[in-house]
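The sequence shown begins at 2 in this note's numbering and counts up by one. Working notes, beginning with the structure itself.
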Amino acid sequence: MTTFQLNGKTVSVDLRPGTTLLDYLRNQGFFSVKYGSDKGETGADSILVDGKIMNASLILIHTVNGKKIETVESFATGRDIHPLQDAFIEEGAIQCGYCTPGMILAIESLAREKKSPSNNDIKDVLAGVYCRCTGYVKPVKAAMSYLTARNTKVHKDE
Ligand code: FES
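What follows is the structure in structure tokens.
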């Protein structure tokens, strides 16, 4: 039996060995977590594990015992979306949206990890999530806008 927190709720599962977190989450209807490859190269399968960005396709379910898992589904409350999602909309940082949940989780992990991230920190964290439509200029702007609104000081790169 594996027990963990999923978007704030305690979940216990007993699944066959080898089941990935990606398979489990999609089977449970968490469709923000997407398949990109079996090796996590695309970042479409991004989730937060104890607040850190990770690839659900690379995590076997039995290894998350006692951990806190977050997907983007936990970011909106009813019709109220998260300020970071709002920033993506305001900046026009979404086209097809396939990469967007991964980008949002990547930026949120950075916001939680660093009190004063640099512009390059934002670019670095987004580099793990492939975007084939929008590119990175607008998502970086959305991240800057969100971090600034959170009173996080974003310092310029040297
Ligand atoms: S918006 Fe389409 S892949 Fe990023």
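Glycine residues also receive a C-beta, built at the ideal position from the N, C-alpha and C atoms. Just so you know, these numbers come straight off a predicted model, no measurement behind them.
Relative to the C-alpha of residue i, which candidate in the options has its C-alpha closest?
i: residue 46; options: 52, 24 and 66; result: 24
i: residue 39; options: 57, 80, 125 and 88; result: 57
i: residue 55; options: 66, 63 and 71; result: 71
i: residue 66; options: 105, 104, 29 and 15; result: 15
i: residue 90; options: 147, 122 and 7; result: 147
i: residue 145; options: 94, 44, 130 and 37; result: 94
i: residue 113; options: 50, 34, 27 and 99; result: 50
i: residue 131; options: 5, 2, 99 and 64; result: 99
i: residue 88; options: 105, 96 and 97; result: 105
i: residue 97; options: 149, 33, 29 and 7; result: 33
State the Cα-Cα distance for the pair residue i and residue j, rounded to the nearest angstrom.
i: residue 83; j: residue 61; result: 29 Å
i: residue 19; j: residue 11; result: 21 Å
i: residue 81; j: residue 74; result: 12 Å
i: residue 9; j: residue 76; result: 11 Å
i: residue 31; j: residue 103; result: 13 Å
i: residue 136; j: residue 92; result: 13 Å
i: residue 17; j: residue 134; result: 37 Å
i: residue 41; j: residue 59; result: 6 Å
i: residue 79; j: residue 63; result: 31 Å
i: residue 5; j: residue 26; result: 13 Å
i: residue 118; j: residue 2; result: 39 Å
i: residue 13; j: residue 7; result: 10 Å
i: residue 101; j: residue 151; result: 20 Å
Give a yes or no on whether the C-beta atoms belonging to residue i and residue j are separated by under 8 Å.
i: residue 143; j: residue 126; result: no
i: residue 110; j: residue 53; result: yes
i: residue 22; j: residue 48; result: yes
i: residue 124; j: residue 138; result: no
i: residue 161; j: residue 122; result: The structure shown does not extend to residue 161, since the chain is modelled only from 2 to 159, so the question has no answer here.
i: residue 129; j: residue 37; result: no
Below 7 Å, is the gap between the Cβ of residue i and the nearest heavy atom of ligand 1?
i: residue 161; result: What is shown of the chain runs 2 to 159, which leaves residue 161 out entirely.
Collect the residues with a C-beta less than 5 Å away from any heavy atom of ligand 1 and give them in sequence order along the chain.
Taken from the N-terminal end onward, the list reads 96, 97, 99, 100, 132, 133, 134 and 135.
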